[in-house]
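A.B. asks:
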Amino acid sequence: MPNSMTIATVDLGSNSFHLAIARVRQDGRVKVIDTLKEPVRLRMGLDEDGSISEAAQTRALECLARFEQRLRGVDPDHIRAVGTNTLRSSKNSYAFLEKISQTLKVPIDIIGGREEARLIYKGVAQHLPRSRKRNFVVDIGGGSTEFVIGTNNEPDVMESRELGCVTFSMKYFPDGNITRRGFNRAMVHVGRELQRYHATFSGENWERAVGASGTIKAIGNVIAAMTNGDNIITLEALDAIRDRLFEAKKMSNGLFAGLREDRVPVFPGGFSILYGIFHELSIPKMLVSQQSLRDGVIYEMVGREQDHDIRVASVKAMAGFYGVDPVQSERVRNLALQLFPQVSHALLHRRDMARKILGWAADLHEIGLALAHSGYHKHGGYLLLNTDMDGFSKIEQGLLSFLVVNHRKRLKTDNLPYENVFDWPLVFVFRLAFLFCRDRSDRPLPNIEIDWEERNIYLSVSPDWLADHPLTRHDLELEQGYWQRENFALHLNKEVP
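Residue numbers (the working numbering): 129 to 625.
1) Measure the C-alpha to C-alpha separation of V152 and I485 and round it to an integer number of angstroms.
2) What three-state label does DSSP hand V276 in the structure shown?
3) Taking the C-alpha atoms as reference points, what is the distance between L409 and D267?
4) Please determine, among I405, Q466 and G339, the residue with the shortest C-alpha to C-alpha distance to Q323.
5) Are the stretch 555-565 and the stretch 598-608 in contact at 8 Å, needing three or more beta carbon pairs?
6) Secondary structure at S588, three-state DSSP: helix, strand or coil?
7) Does DSSP classify F301 as helix, strand or coil?
8) Helix, strand or coil for K159, going by three-state DSSP, please let me know.
9) Is the distance from the Cβ of E244 to the Cβ of E287 below 8 Å?
10) Between L528 and L497, what straight-line distance do the alpha-carbon atoms span, to the nearest angstrom?
11) Pull up the DSSP beta-bridge partners for N263, would you.
12) On the DSSP letters alone, give me the boundaries of the beta strand (DSSP E) that I236 sits inside.
13) Between L573 and F564, is the Cβ-Cβ spacing less than 8 Å?
14) For F301 and Y403, what's the separation of their Cα atoms in angstroms?
15) How would you label S132, buried or exposed, when you count the other beta carbons within 10 angstroms and need 16 or more for buried?
16) Here's a check: name, in chain order, each residue in its chain whose Cβ is nearer than 8 Å to the Cβ of R566, leaving out the five neighbours to either side.
17) Residues in its own chain within less than 7 Å of C191 by CB, not counting five upstream and five downstream?
18) Out of A445, A148 and D203, state which residue places its alpha-carbon closest to the alpha-carbon of I426.
19) Per DSSP, what are the beta-bridge partners of L620 in this structure?
20) Check each candidate in L463, Q254 and N356 and name the one with the smallest Cα separation from E577.
21) How would you label I161, buried or exposed, when you count the other beta carbons within 10 angstroms and need 16 or more for buried?
22) How would you write the range of the beta strand (DSSP E) that H146 sits in, first residue to last?
23) Could you give the first and the last residue of the continuous alpha helix (DSSP H) run that contains A136?
24) How about G386 and A352: are their beta carbons less than 8 Å apart?
25) Could you tell me whether the stretch 211-229 touches the stretch 185-200, where touching means 3 or more Cβ pairs closer than 8 Å?
26) Indicate the three-state DSSP secondary structure (helix, strand or coil) for R289 in the structure shown.
27) Looking only at its chain, what residues have a beta carbon closer than 8 Å to the beta carbon of I207, apart from the 5 residues adjacent to it on each side?
28) Drop a sphere of 10 angstroms on the beta-carbon of D423, count the other beta-carbons inside from all chains shown, and report buried for 16 or more, exposed for fewer.
29) With a floor of 4 residues, list each alpha helix (DSSP H) that falls wholly inside the stretch 431-511, ordered by position along the chain.
30) Closest to G331 by CA distance: which of F296, K299, D491 and F264 is it?
31) In terms of residues, what are the limits of the alpha helix (DSSP H) holding K345?
32) Flag E364 as yes if its beta-carbon sits less than 8 Å from any beta-carbon of chain D, otherwise no.
33) Name the two residues that bound the continuous beta strand (DSSP E) containing R208.
34) Considering only residues of the same chain and omitting the five flanking positions on each side of K522, which have a CB-CB separation below 6 Å?
35) With distances taken from CA atoms, which of T355, H507, N143 and G526 is nearest H477?
36) Whose C-beta lies closer than 8 Å to the C-beta of A447 among residues of the same chain, with five residues either side of it excluded?
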C-alpha cells in the first residue's frame, strides 16, 4: 500500500444516495475528505409490479452523474458502489444496474441484508470507545432496518427486517397525514416483524444501544432542539415527538426545529419504526452515531487493501464446515489460476475480481459432497447462492455459485442474480482444472495451452500424454459436446487458423 491512497464509496440507499471520499494512510488511518448526499427516494419510485419507475430512475441517474464528476481522479479500482434493499428487491434491477454502472463508470455490488448489517456495524463500531460492552446497533433505512449485536469491532448477531422509513411513510402516513389509526397500524407492523427476535435482541444481550443513519440522526436532532440538550434518544423524548405529531395531524416543514427539509416526507414512517422498536425491545435510551453503511464500506476497502479480506475467512470457514478436502481444492485452485492468464483477455468481468472468484470457487467446489455425491455440483451451487457469506455481494456469490454448478457435467445456463452475464472463459479453465485433477494425485501434468477466440476454443495437450491417459481423453471429447450445445466449438490439438 502506498504512503496514502484515496478511496471512495457510493451508497445507493432506498431513500438517499451517499458518496464519501476518504484519504487512507499507510498505517490504516482514515480521514473522510468529502461527502455528498441526495434524497433520491428510490423506494417511492416502485411501481405496483415492483419495478423502479422511469421517473425514479431518471432522478437516480441525474444524481449519479453529479457524483461521477466528483469521482473523477479517483482510481476506479478504489471505488465501491453498493446497492441495498430497493435495488436487491426490485423486478427490473438488472437493466437499471447497467445504467447506474455506465453512469458511475464502476461496477455495482448488491449486498444482502445481513451483509448490510455487518457493514453498518463495522462503520459504527470504529468510532465507539473501546470497551467490553456489548453494543446493539440499529439502522433504519428507506426499505429495511438492520439490527446488530457485537463487541468492539466484531459483530455477533446480524439481522435485517423489511421496516423502512419510505415504505412506512407511504403506507401508514400518506401525503404526510398523521392519524392515531395509522400510527397504531405501524406499531402492529413493527411488532409482527420483531416477534421472533424478542429474545435475541432483548436488553439482557447488550449494554449499549446505538442508532445510525438518516432517520435516527434526524430524530436525535429533533430531540436536541426540543430539549436544548444532547441528542440521546429516550422513550420520554419519543413520546413528546409522538404527541406533537398527533397534535399537528399533518407532517410539514417547520413542524420540528432541527429537522432538515429533505427528511420531512419520510419522518413519520421512520419515527414510527423507532418508536415501535423502543417499545418492543424495551430500550431505555439510545446513542446516535454519525457513522453508517458508507463508513463500513470504506473500512472494508481499507482491510482488503491491507490483505485483511473477510471474504477469505468466510471461504475458509465454509470449507471447514462442509468438510472439504483442502489438498484436492488446492490442486484444482493451483491449476485453474495457472491457466487463468490464457483466457483473461476474453473476460467480461474485471480481471482482479474474476481471479479471486476463480480461486474461491476451487476452494469450495466440493462443498456439495456433504449432502450427496449425486449432483453434488448442483448442491454446492445452491449453498453458495443462498448462504449468507460475510464480505460477499450477491453478485459475487452468484458468480461463485455459477462456477461451482458448472465445474462438471453438462453446462447450465440458469440466470445469475440480477441477470448478470456468464463468463464462459472462466468456466472453461475451471472445468479443465477439475478434469485434469480428477484422479486426486500429484502426478505431473502436461503442458496445457488455450487460445480463446470468441466462439472458438483451441486447446492443445500433448497427444502422447493423452494416449497414455484415455479417461482424460474421453472427458475432453465429452467437453466438446457440452460446449457445442452452447454454440462454442472446442478444437482439440488443432492449429489456430
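Every residue gets a Cβ at the ideal spot worked out from N, C-alpha and C, and that includes glycine. Keep in mind the model is a prediction, meaning the values are calculated, not measured.
C.D. replies: Walking through what the data contain:
1) 26 Å
2) strand
3) 15 Å
4) I405
5) yes
6) strand
7) coil
8) strand
9) no
10) 16 Å
11) G278 and R336
12) I236 to I238
13) yes
14) 15 Å
15) exposed
16) L599, T600 and D603
17) F145, E166 and V168
18) A148
19) L587
20) L463
21) exposed
22) F145 to R153
23) From DSSP, A136 is part of no alpha helix (DSSP H) but of the beta strand (DSSP E) over S132 to L140.
24) yes
25) yes
26) strand
27) I135, A136, T137, V138, L199, L232 and V234
28) buried
29) 438-449, 454-467 and 479-492
30) F264
31) S341 to T355
32) Here chain D cannot be found, since the structure has a single protein chain.
33) I207 to G211
34) I238, G240 and P545
35) G526
36) P454, S457, D491, L492 and I495
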